[in-house]
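Enquirer:
2 protein chains.
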Amino acid sequence: MIPKQTVNMTDVAARCGVSIASVSRALRGEPGVSPATRDRILSAARELSYVISPEASRLSGGPTGRVGVVVPRVDAWFYSTIVAGIADEFDTVGIDLVLCTLPDPAARHRFFEALPLRRKVDAVIVVSLPLSSRERTRIDQLGVPAVFVGGHRDVGARVWIGIDDELAARQAVGHLLRIGHRDIAMIQAGPADPDDTDTPWATDQARIDGFHGQMREAGLADPTVVTVKWSIDGGSRGMEELLSRTEPPTAVFCHSDEIALGALRTLRRAGVAVPHQISVIGVDDHPSADVNDLTTVAQPVRDQGRIAAQAVLTQLGGAATVSASAQRVNAATTLPTRLVIRGSTAPPR
Amino acid sequence: MIPKQTVNMTDVAARCGVSIASVSRALRGEPGVSPATRDRILSAARELSYVISPEASRLSGGPTGRVGVVVPRVDAWFYSTIVAGIADEFDTVGIDLVLCTLPDPAARHRFFEALPLRRKVDAVIVVSLPLSSRERTRIDQLGVPAVFVGGHRDVGARVWIGIDDELAARQAVGHLLRIGHRDIAMIQAGPADPDDTDTPWATDQARIDGFHGQMREAGLADPTVVTVKWSIDGGSRGMEELLSRTEPPTAVFCHSDEIALGALRTLRRAGVAVPHQISVIGVDDHPSADVNDLTTVAQPVRDQGRIAAQAVLTQLGGAATVSASAQRVNAATTLPTRLVIRGSTAPPR
DNA sequence: CTGAAAGCGCTTACAG
DNA sequence: CTGAAAGCGCTTACAG
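Residue numbers (the UniProt record's numbering), protein chains in the order written: chain A, 1 to 349; chain B, 1 to 349.
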């Protein structure tokens, strides 16, 4: 039972007849306390169900015990899964996760100008945000280690974790080519607001570069590309646009599974048979890809979060408490992607 | 530009030739500072790009500026959408969101025993966790206001926000009855570990009660119910079980859209036509429900998060900064659910 | 309206 | 190994 009024270090010290200095040392596992007194202190702390005041601890030079996680949104499968991976890892070592979402350009701008995380966290994980140089500077000014997941892999000396987006695109397009498609279009996810060049989003160039590269190498120049918003509705509209053409493609490479799901919806409503009339492939291996029998290129999402969290723990010097697998975190870690063949792709008729 | 070393209140005070007491008052908008000095202080703070040390502030009696959000998981649409709603609201007033996930019974137990949020937050929002009395006590011992979203609506004097789960079930079943179905089964989401009676999860009785109630009133006793894990795979298995019976039902009410999506997958693989041979209905209006043309009962998810956040802000006395709509938060707020008719339901043949 | 001073609950040299 | 004391950066009565 916890007494109504807060228990302080003084109370623990009094109960053991030692100074608060010893309590502080014992509780943090610092050397300089005899095993006997350490034990007494530890059990007294337990009996009083004492918890250290993070504020006081921090003020006196300790860490905050908090790490900021910055994501564009949480209400999207990809991001929430990364956050879940981070949370798993932090939970095991008792780090608190402070979540920051930047759902729109205004929020993003506010975040980087106000820097609400200043003085509040020991480190920060930035997910899927290709940073402008101004933003990069601001993150530097946080004055704590930063780890990046996705976005530009070019993050200087900082740790980056992600996949090879160009390769993922090539894997997808390679599959379509291999089974005989020549007339392949892409539905690309572009920025919500094309005018907003200041705030690049996760929808980087790599996937479309991979698409073009692979097509070019197959001797197919100038393939059709339509650009839409990254959402199910965006995918729907993209496919509507493709169906509006005189000669729809026989296969469509979608920037992501969400786009592909929208595309499939349009095809179903239009009565176009998948894969018989049009093949569709996505990227991600979203849970709904399985449900909708969508061929895709899978990427390990939760692992990206996990590894990012481990990288943070390593940088915070918590190496001792980090699992062995996390001991070595390189500056850039590229996780593998792989083709998952399902029923939405087949050779052209 | 932020100087390399941290700027403190002392620096701001020195720059204006006032005491730190005045700076403290001015920055927090407290009375007792002349407009002139207040202005000077405010602009000095801006020039130095000073931010208050939350730790020092807190230690001296101020709030932490943080609110804990406890969810079973983030990597599920329902929870992440609620978190997004909360985050939206907190962002506007500068409250930090500390996320706690309890993915399994062990994590849940650890959370309620260790109470890692103690001394760290000004309030807590508990999402979709029907609490045991022990757990309730522990939340009380946090010593801060608590707001509940979903779970048991019976939370004493505390604020509760949710939907009427029994009504939602009745709306779904009512639709099936109205279009002529009599042979209706339910795929219910049950606890992952039926033995673990200590830690009830979100899968409460209300939806199955609504199902049984509505069936009884239609004169249909003892309808078939299969219980599975709350997941897409669970739904798949539930439908497999129903298809194994000699006489499969003509319609299936699924505990949630995720369950329904799994059920649809099984039906597709089994070559059973939806809705011609079997009608399927879910609850939630998950984004994939639209993609898969699934009839469902929609609930406002993001709003539940928003309203919970507003309730917290109100309780923290931030009434002045809360939008008008949040001014009145009742002890229990029940949000409406509504039928969304799509293509997965039709009269029986 | 303004400031000097105590105190919040810790950590960290510094002595012993 | 152990403790007394200074100090972290604020807020809050208490005087003026």
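No residue lacks a Cβ here, since even glycine has one placed at the ideal position from N, Cα and C.
Could you confirm whether any beta carbon from chain A is found closer than 8 Å to the beta carbon of B:T321?
Expert: With a pLDDT of 45 at B:T321, under the threshold of 50, the predicted position of this residue should be treated as unreliable, though the coordinate-derived value follows. Chain A, which has no Cβ nearer than 8 Å to the Cβ of B:T321, makes this no.
Enquirer: Any beta carbon from chain A within less than 8 Å of B:E55's own beta carbon?
Expert: Interface residue, yes.
Enquirer: In whole angstroms, give me the CA-to-CA distance for B:D122 and A:V18.
Expert: So the two alpha carbons sit approximately 32 Å from each other.
Enquirer: Among the residues of its own chain, which have a CB less than 8 Å from the CB of A:R306, if the five just before and after it don't count?
Expert: So the list reads G85, I86, D88, E89, once near-sequence residues are dropped.
Enquirer: Note down the Cα distance separating A:P54 from B:R118, rounded to an integer number of angstroms.
Expert: So the two alpha carbons sit approximately 9 Å from each other.
Enquirer: Under the three-state reduction of DSSP, which class applies to A:W160: helix, strand or coil?
Expert: The answer is strand: DSSP assigns A:W160 an E or B state.
Enquirer: Would you list, in sequence order, the uninterrupted beta strand (DSSP E) runs of no fewer than 3 residues that lie entirely inside the region 106-171 of chain B?
Expert: Within the region 106-171 of chain B, the complete beta strand (DSSP E) runs of at least 3 residues are 123-127, 146-149, 159-163.
Enquirer: For A:A326, which of helix, strand or coil comes out of DSSP?
Expert: Confidence is the limiting factor: at A:A326 the pLDDT is only 45, short of 50, which leaves the residue's position unreliable and the question unanswerable from this model.
Enquirer: Any C-beta of chain A sitting closer than 8 Å to the C-beta of B:V144?
Expert: Chain A contact via Cβ: absent.
Enquirer: At a Cβ threshold of 8 Å, is A:N292 touching chain B?
Expert: So, interface residue.
Enquirer: Below 8 Å CB to CB, which residues in the same chain sit around B:V280 once its five sequence neighbours on both sides are set aside?
Expert: Excluding residues within five positions, the ones whose Cβ falls inside 8 Å are A251, V252, C254, A260, A263, L264, L267, V274, L294, T295, S344, T345.
Enquirer: Taking only beta-carbon positions, decide if A:L59 is within less than 8 Å of chain B.
Expert: It does: the Cβ of A:L59 has a partner Cβ on chain B nearer than 8 Å.
Enquirer: Would you mind listing the alpha helix (DSSP H) stretches within the region 45-85 of chain B that are 4+ residues and don't spill past its ends, in chain order?
Expert: Listed in chain order, the complete alpha helix (DSSP H) runs (minimum 4 residues) inside the region 45-85 of chain B are 54-59.
Enquirer: Short of 6 Å in beta carbon distance, which residues of its chain neighbour A:D285, apart from the five on each side in sequence? Order them along the chain.
Expert: Excluding residues within five positions, the ones whose Cβ falls inside 6 Å are T296, A298, V340.
Enquirer: For chain B, find out if any of its Cβ atoms is closer than 8 Å to the Cβ of A:A13; answer yes or no.
Expert: No - not a single Cβ of chain B is within 8 Å of the one on A:A13.
Enquirer: Unbroken beta strand (DSSP E) runs of length 3 or more, entirely within the region 239-322 of chain B: which are they?
Expert: Fully enclosed beta strand (DSSP E) runs of 3 or longer: 251-254, 279-284, 295-298.
Enquirer: Counting pairs of Cβ atoms below 8 Å between the region 163-171 of chain B and the region 232-246 of chain B, do you hit three or more?
Expert: No: the two stretches stay apart, fewer than three of their Cβ pairs being nearer than 8 Å.
Enquirer: In whole angstroms, what separates the C-alpha of B:T224 from that of B:A185?
Expert: Looking at the two C-alpha atoms, the distance is approximately 5 Å.
Enquirer: Going along chain A in order, which residues have a C-beta closer than 8 Å to the C-beta of B:P116?
Expert: Near B:P116 (Cβ distances below 8 Å), the residues of chain A are G94, D96.
Enquirer: Exposed or buried, which one is B:D290 when buried takes at least 16 other CB atoms within 10 Å?
Expert: Flag for B:D290 reads buried.
Enquirer: From the DSSP secondary-structure annotation, give me the bridge partner or partners of B:L97.
Expert: A:L99, B:V67.
Enquirer: Count the CB pairs spanning the region 96-105 of chain A and the region 98-114 of chain B that are closer than 8 Å, and state whether there are at least three.
Expert: With the cut-off at 8 Å, the region 96-105 of chain A and the region 98-114 of chain B touch.
Enquirer: For the region 222-242 of chain B, which residues have a beta carbon sitting closer than 8 Å to at least one beta carbon of chain A?
Expert: Within the region 222-242 of chain B, the qualifying residues are I232.
Enquirer: In terms of alpha-carbon separation, which member of B:G65, B:R46, B:S288 lies closest to B:D11?
Expert: Of the listed residues, the one whose Cα sits closest to B:D11 is B:R46.
Enquirer: A:D303 versus chain B: which residues are under 9 Å apart at the beta carbon?
Expert: Going along chain B, no residue has its Cβ under 9 Å from A:D303, so there is no contact; the nearest lies around 13 Å.
Enquirer: Flag A:P275 as yes if its beta-carbon sits less than 8 Å from any beta-carbon of chain B, otherwise no.
Expert: A:P275 does not count as touching chain B.
Enquirer: Would you mind telling me which residues of chain A sit closer than 9 Å to B:A169, beta carbon to beta carbon, in chain order?
Expert: Result: empty, since nearest Cβ-Cβ is about 23 Å, beyond 9 Å.
Enquirer: Using C-beta distances below 6 Å, list every residue in its chain close to B:H109, excluding the 5 sequence neighbours before and after it, in chain order.
Expert: Hits under 6 Å: none found.
Enquirer: When the Cα atoms are used, what is the spatial distance from A:Q277 to A:A308?
Expert: Cα to Cα, A:Q277 sits roughly 42 Å from A:A308.
Enquirer: By Cβ distance below 8 Å, which residues in the same chain neighbour A:R342 in space, the five residues on each side in sequence not counted?
Expert: These residues qualify, in order along the chain: A289, D290, D293, L294, T295, T296.
Enquirer: Quick one, are the C-beta atoms of A:R216 and A:D165 less than 8 Å apart?
Expert: Taking 8 Å as the Cβ cut-off, A:R216 and A:D165 do not qualify as a contacting pair.
Enquirer: Once the 5 residues before and after A:D209 are set aside, which same chain residues still bring their CB inside 7 Å of it?
Expert: Once the five neighbours on either side are set aside, the close Cβ partners of A:D209 are E166.
Enquirer: Check distances from the C-beta atoms of the region 258-274 of chain B to those of chain A and list, in chain order, the residues that come in under 8 Å.
Expert: Of all residues in the region 258-274 of chain B, L261, G262, L264, R265, R268 have a Cβ within less than 8 Å of some Cβ in chain A.
Enquirer: Taking only beta-carbon positions, decide if A:R119 is within less than 8 Å of chain B.
Expert: Chain B, which has a Cβ nearer than 8 Å to the Cβ of A:R119, makes this yes.
Enquirer: Opposite A:I184 in the DSSP bridges: which residues?
Expert: Its beta-bridge partners are A:A251.
Enquirer: What does the Cβ neighbour count give for B:T334, buried or exposed, with the cut at 16 atoms within 10 Å?
Expert: With fewer than 16 Cβ atoms within 10 Å of its Cβ, B:T334 is classed as exposed.
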